[in-house]
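All the letters of the sequence shown, read from the start, carry residue numbers 63 to 163 under this note's numbering. No residue lacks a Cβ here, since even glycine has one placed at the ideal position from N, Cα and C. Values in this document were obtained by computation on a predicted structure and should not be read as measured data.
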Amino acid sequence: MYLCICKAVTDRQIRQAVEQGVRTMGDLSVRFGIGIECGKCIDSVREALDACLAAPPQDMAAAAPPAAAQAGAAPPGADLAPAPAAAQPASQQTAWFAIDL
C-alpha cells in the first residue's frame with residue numbers, strides 16, 4: 063500500500079529499508095524523501111516504521127540448512143568467505159539513497 067503518494071513509497075519499501083538498517087524517520091526522509099513535499103504521510107509512515115521496528119526479526123534458524131547437510135560441506139576451519147561478486151555496469155548499480163532536485 064502506498065504510504066507516501068508524493069514520493070510513491072510503499073509499506074513494503076519501508077519494511078525493506080528497516081531490514082537494511084533504517085531506524086528513524088530522518089533515515090526514511092534521506093532515503094526516500096518522505097515528508098518534504100506535503101507532509102500528509104508523516105503519521106502513517108511513522109506508524110509503519112514503528113510497527114516494523116517492533117516486529118521480531120525473522121528467524122534465521124528456520125532458513126539455515128540442517129546440520130547434517132552442513133557436516134560434509136566443508137572441513138572445519140575452511141575459508142567460507144563468499145566469492146567476490148562480478149562488477150556491475152554503472153547503469154545497473156542500485157543506490158541506497160534518492161536525490162530529488
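Assuming residue i is part of the beta strand (DSSP E), what are its boundary residues?
| i | result |
| --- | --- |
| CYS66 | 64-66 |
For a quick check, are the C-beta atoms of residue i and residue j less than 8 angstroms apart?
| i | j | result |
| --- | --- | --- |
| ILE98 | VAL107 | no |
| ARG74 | VAL84 | no |
| LEU65 | ALA110 | yes |
| LEU90 | ILE76 | yes |
Give the DSSP bridge partners of residue i, in chain order.
| i | result |
| --- | --- |
| THR72 | TYR64 |
Identify the continuous alpha helix (DSSP H) that holds residue i and give its terminal residues.
| i | result |
| --- | --- |
| ARG108 | 104-116 |
| VAL92 | 87-94 |
Whole angstroms are fine: how far does the CA of residue j sit from the CA of residue i?
| i | j | result |
| --- | --- | --- |
| CYS114 | VAL71 | 15 angstroms |
| GLY101 | VAL80 | 21 angstroms |
| THR86 | ASP112 | 9 angstroms |
| GLN78 | ILE104 | 18 angstroms |
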